[in-house]
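Oh and the sequence shown: position 137 is 323 in the working numbering, straight run, nothing missing.
We put the beta carbon where it would ideally sit given N, CA and C, even for glycine.
Computed from a prediction, not measured in an experiment: that's the story for all the values here.
Working notes, structure below.
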Amino acid sequence: FISSRSSTRTKKYRFLASIRYYKSLLLPTMLALLLAASVTQLQIASIYELWISSTDTTLGTFVFSEGLYIRLLIVFATILLSVFVLFEAIQGVIYERQNEFQMYHVMGWTGKMIKSNFLKEVMLWVLLPLIAGTIITLIVSFFIDVSITSVVLGFTFSAITFLVLVLTLVPFRMYNFSHDN
Numbered sequence: 187f188i189s190s191r192s193s194t195r196t197k198k199y200r201f202l203a204s205i206r207y208y209k210s211l212l213l214p215t216m217l218a219l220l221l222a223a224s225v226t227q228l229q230i231a232s233i234y235e236l237w238i239s240s241t242d243t244t245l246g247t248f249v250f251s252e253g254l255y256i257r258l259l260i261v262f263a264t265i266l267l268s269v270f271v272l273f274e275a276i277q278g279v280i281y282e283r284q285n286e287f288q289m290y291h292v293m294g295w296t297g298k299m300i301k302s303n304f305l306k307e308v309m310l311w312v313l314l315p316l317i318a319g320t321i322i323t324l325i326v327s328f329f330i331d332v333s334i335t336s337v338v339l340g341f342t343f344s345a346i347t348f349l350v351l352v353l354t355l356v357p358f359r360m361y362n363f364s365h366d367n
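This is the structure we're talking about:
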């Protein structure tokens, strides 16, 4: 009784389907996060390089301490802009997907399951720019002769920063699963 016909109604799950579908919302966000990751990584790497190379003399220590504040300000401003970009992207995607989230709720998904699924998607569209930004940072670092230790330090800092941002922005968001929209 097994039918040898292939079903034309089923389709294979498309890789990165949510990113493809919501690309008009997510691609600018991903580009901004890519640039933020690259700038953050390069700034942290340059701070470390400057610290290693300039703390041998009093003049070097003075130059390092004077330039440190502006570099830290750049890192802080980049992270702050990333928070705003990420918050707006999450807000926009949640607003666009309200009906989808309501359908998940009707199908029996709990709020925790919906948040978990959404968190995985957000992690995906944050990790892709982070990885691409790291590749850009490695290429730039090669040309400006920055050590791999500095790049690893910059990557570690930016990865932890962006993951903490996602883990604080997504789980504590209020989702509306009611049918009154």
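1) Can you find the residues in the same chain that come closer than 7 angstroms, C-beta to C-beta, to V249, ignoring five residues on each side of it along the sequence?
2) Only counting the same chain, and skipping five residues up and downstream in sequence, which positions put a Cβ closer than 7 angstroms to that of A345?
3) Exposed or buried, what is F329 when buried is set at 16 or more other beta-carbons lying within 10 Å of its beta-carbon?
4) Report all residues from its chain with a CB closer than 6 angstroms to the CB of A318; omit the five preceding and five following residues, and keep chain order.
5) If you draw a straight line from the C-alpha of W295 to the C-alpha of W237, how long is it?
6) So, is G297 buried or exposed, given that buried needs 16 or more other C-beta atoms within 10 angstroms?
7) Exposed or buried, M293, counting other C-beta atoms within 10 Å across all chains shown (16 or more means buried)?
8) In whole angstroms, what separates the C-alpha of Q288 from that of I300?
9) Going by beta carbon distance, what residues of the same chain come within less than 6 angstroms of A275, once the five residues before and after it are set aside?
10) What is the DSSP secondary structure of L339, reduced to helix, strand or coil?
A quick look at the data gives this:
1) Numbered from 1 along the sequence shown, position 63 holds the residue referred to as residue 249. Same-chain partners within the cutoff: S240.
2) Here residue 345 corresponds to residue number 159 of the sequence shown, with the count starting at 1. L316, listed in sequence order.
3) By one-based count along the sequence shown, residue 329 stands at place 143. Exposed is the call here.
4) On the sequence shown, residue 318 is found 132 positions in, with the first residue counted as 1. Answer for A318: L220, listed in chain order.
5) Here residue 295 refers to the residue found at position 109 when the sequence shown is read from its first residue. Here residue 237 refers to the residue found at position 51 when the sequence shown is read from its first residue. Roughly 51 angstroms separates the two Cα atoms.
6) Working through the sequence shown from its first residue, we reach residue 297 at position 111. Under this definition G297 is an exposed residue.
7) Residue numbering aside, residue 293 sits at position 107 when the sequence shown is read from its first letter. So M293 ends up on the exposed side.
8) Taking the sequence shown and counting its residues from 1, one reaches residue 288 at position 102. Taking the sequence shown and counting its residues from 1, one reaches residue 300 at position 114. Taking the straight line joining both Cα atoms gives about 10 angstroms.
9) By one-based count along the sequence shown, residue 275 stands at place 89. Contacts found: T215.
10) Here residue 339 corresponds to residue number 153 of the sequence shown, with the count starting at 1. Note: L339 maps to helix in three-state DSSP.
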